[in-house]
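Right, one structure below, let's go through it.
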């Protein structure tokens with residue numbers, strides 16, 4: 002992105018290009034507003050050459066938000082009269098085919114991505130789920146920059162594959178696909194091999210007689226990866242067929258009242274149970290004891306004493322399950338600073354705790370995983386602290402380039418982007434950033450003649466409450 006000479010009329014005109022090719026992008030939706038205001042000043046759209054122009058505007062600073070399908074959303078602040086050129090980052094895609102050992106498609110196979118978060122070895126399922134077509138082909142798209150594993154889940158079949166789940170290329174060493182912008186990972190094929198298959202039989206000792214219980218058989222190493230799911234009979238008995246050898250976690254949740262898009266909907270007084278199942282032969286007599294749901298006390302706090310400056314008095318805390326309970330499992334509670342509050346109806350598993358509704362200048366400090374299963378009944382236990390802090394910031398300078406020739410794009414872990422225009426001293430700033438990990442890249446001037454040899458993505462850890470200083474080298478020009 003480059004800043005041009007201000008226009009005589011105080012409008013904002015510019016152009017939108019695809020980052021990795023420099024081609025113009027048509028039909029990009031642009032929302033123009035004043036910073037801090039919800040109501041849009043104007044709704045714009047790019048033409049076939051990627052150009053856009055706003056109506057005449059009063060002098061001042063404005064926010065531009067850019068959106069187009071299969072591209073990373075981006076935002077930019079400019080002053081009326083500037084002429085920005087924006088380069089949008091295309092999302093990545095993973096495509097391939099799922100077949101059996103004879104090359105025939107596996108009917109009903111579902112392919113999904115699992116994202117790597119921070120330094121954790123456990124991958125979390127995302128909402129990117131597709132089914133293979135009649136030829137076994139699939140394509141997952143709209144992948145924002147980040148690292149992904151890809152897995153297939155298939156039901157028991159008559160072809161000897163059984164029921165199971167498989168990472169690409171194998172479960173021992175799943176490959177992580179790194180998306181930085183526009184990558185298409187074709188040929189990511191799964192060949193489901195015949196295996197010695199077994200059955201797992203058992204019974205859930207349900208406290209509510211005559212009701213069904215939701216069951217999920219998941220990988221012991223990657224408990225977010227479901228191998229098979231079903232419900233019990235009304236007497237609590239169950240049978241899994243076509244299970245390959247391995248170690249599994251068996252999750253039980255009830256009483257089931259129905260289904261939603263993420264799994265079973267439970268009754269008002271849910272119960273949960275879990276047990277390890279090692280399959281090296283037919284397994285019979287598995288007994289799953291269930292107990293009532295658990296409660297965890299949580300408290301909002303700042304990095305020091307009291308409520309941090311700029312943070313609202315209340316926030317919403319959400320517990321999201323990290324294991325394949327196969328239920329609608331998010332639980333929320335509204336909390337005030339320093340006052341413990343209970344998050345209830347929790348399964349005895351691992352959850353990611355997230356504070357939201359914190360305003361634009363205060364954010365949760367770091368990632369928090371709570372192991373409810375290891376906390377017992379919580380009798381007398383200290384509340385889990387969710388720490389929030391003032392926003393972070395990045396103060397940077399470009400090295401090796403002239404002002405006006407480059408822009409800086411900052412990609413967050415949630416797949417959104419912000420763009421900054423360096424000033425005459427090649428300095429730039431990103432303010433009001435949630436603490437976390439970011440990727441920054443320098444974009445060359447988008448004049449159709451200068452194309453970067455390599456657009457380097459630099460990872461940055463941004464803490465809350467203090468600016469992070471960084472120097473970014475400009476990309477090399479292609480000869």
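Numbering (the numbering used here), first residue to last: 2 to 480. Ideal placement from N, C-alpha and C gives every residue a C-beta, glycine not left out.
Stretch-stretch touch, CB-based, cutoff 8 angstroms, three pairs: the segment 294-302 with the segment 335-345: Yes: at least three Cβ pairs fall under 8 angstroms.
Less than 8 angstroms between the CB atoms is what I'm expecting for residue 364 and residue 390, so what's the real figure, rounded? Indeed, because the Cβ distance is near 7 angstroms, the residues count as touching under 8 angstroms.
If residue 291 and residue 255 are in contact, beta carbons under 8 angstroms, what's the gap, nearest whole angstrom? So it is a contact: roughly 7 angstroms between Cβ atoms.
CB-CB under 6 angstroms to residue 448, same chain, minus the five flanking residues each way: which ones, in chain order? Annotation note: pLDDT 49 at residue 448 (below 50); position unreliable, coordinate value reported separately. Cβ within range, chain order: n/a, list empty.
Closest by CA to residue 82, which one among 13, 125, 42, 285? Considering only alpha carbons, the answer is 13.
What three-state label does DSSP hand residue 432 in the structure shown? Residue 432 carries a strand assignment under DSSP once its states are collapsed to helix, strand and coil.
To which residues of the same chain is residue 192 closer than 7 angstroms at the C-beta, ignoring the five residues directly before and after it? Closer than 7 angstroms at the Cβ level, and outside the excluded window around residue 192, lie 100, 102.
For residue 143, collect the residues of the same chain with a Cβ closer than 6 angstroms to its Cβ; drop the 5 residues on either side in sequence, then sort them by chain order. Closer than 6 angstroms at the Cβ level, and outside the excluded window around residue 143, lie 71, 92.
Could you tell me whether the Cβ atoms of residue 427 and residue 471 are closer together than 9 angstroms? With contacts defined by Cβ atoms closer than 9 angstroms, residue 427 and residue 471 do not form a contacting pair.
May I ask you to report which of helix, strand or coil DSSP gives residue 374? Three-state result, residue 374: helix.
For residue 115, count the other beta carbons within 10 Å of its own beta carbon; 16 or more makes it buried, fewer makes it exposed. Which is it? A residue is called buried once 16 or more other Cβ atoms fall within 10 Å of its Cβ, and residue 115 is buried on that count.
Enumerate in chain order the residues of its own chain whose CB-to-CB distance from residue 54 is below 7 angstroms, with the five nearest sequence positions on each side excluded. These residues qualify, in order along the chain: 12, 14.
Going by Cα to Cα distance, which pick from 320, 208, 337, 461 is closest to residue 329? Nearest Cα to residue 329 within the set 320, 208, 337, 461: 320.
DSSP-derived helix/strand/coil call for residue 20: Reduced to three states, the DSSP call for residue 20 is coil.
For residue 225 and residue 281, I'd like the C-alpha separation in whole angstroms. For residue 225 and residue 281, the distance between alpha carbons rounds to 22 angstroms.
For the segment 244-252 and the segment 192-202, state whether three or more C-beta atom pairs, one from each stretch, are separated by less than 8 angstroms. In short, these stretches touch, since the Cβ pair count reaches three.
Just mark residue 240 as buried or exposed, buried being the case when its beta carbon has 16 or more other beta carbons within 10 Å. By the 10 Å Cβ count, residue 240 comes out exposed.
Nearest-angstrom Cβ-Cβ length linking residue 233 and residue 205, presumed shorter than 8 angstroms: Right, their Cβ atoms sit about 5 angstroms apart.
Which one of 314, 51, 249 has the shortest CA to CA distance from residue 284? Among 314, 51, 249, the Cα nearest to that of residue 284 belongs to 249.
Assigned secondary structure, residue 399 (DSSP; H/G/I helix, E/B strand, else coil): Strand.
Where the beta strand (DSSP E) containing residue 143 begins and where it ends: Boundaries of the beta strand (DSSP E) around residue 143: 138-144.
Just curious, the beta strand (DSSP E) that residue 244 is in, first and last residue? Judged by DSSP secondary structure, residue 244 falls within the beta strand (DSSP E) whose first and last residues are 238-244.
Please state the DSSP three-state secondary structure of residue 227. Of the three classes helix, strand and coil, the one that applies to residue 227 here is strand, per DSSP.
Counting C-beta neighbours from all protein chains within 10 Å, is the total for residue 410 16 or more, i.e. buried, or is it exposed? The residue is buried, with at least 16 neighbouring Cβ atoms inside 10 Å.
What residue ranges within the segment 54-110 form continuous beta strand (DSSP E) runs of no fewer than 3 residues, ordered along the chain? Note on the segment 54-110: whole beta strand (DSSP E) runs with a minimum of 3 residues are 62-68, 75-80, 86-89, 93-101, in chain order.
Taking the alpha carbon of residue 270 as the reference point, which residue from 287, 264, 293 has its own alpha carbon closest? Of the candidates 287, 264, 293, the one whose C-alpha sits nearest the C-alpha of residue 270 is 293.
Contacts around residue 274, its chain only, beta-carbon distance under 6 angstroms, and the 5 residues preceding and following it disregarded: The answer, listed in chain order, is 253, 289, 290, 291.
Pull up the CB-CB distance for residue 295 and residue 323, whole angstroms please, since I reckon it's below 8 angstroms. About 15 angstroms separates the beta carbon of residue 295 from that of residue 323, a gap too long to meet the 8 angstroms contact definition.
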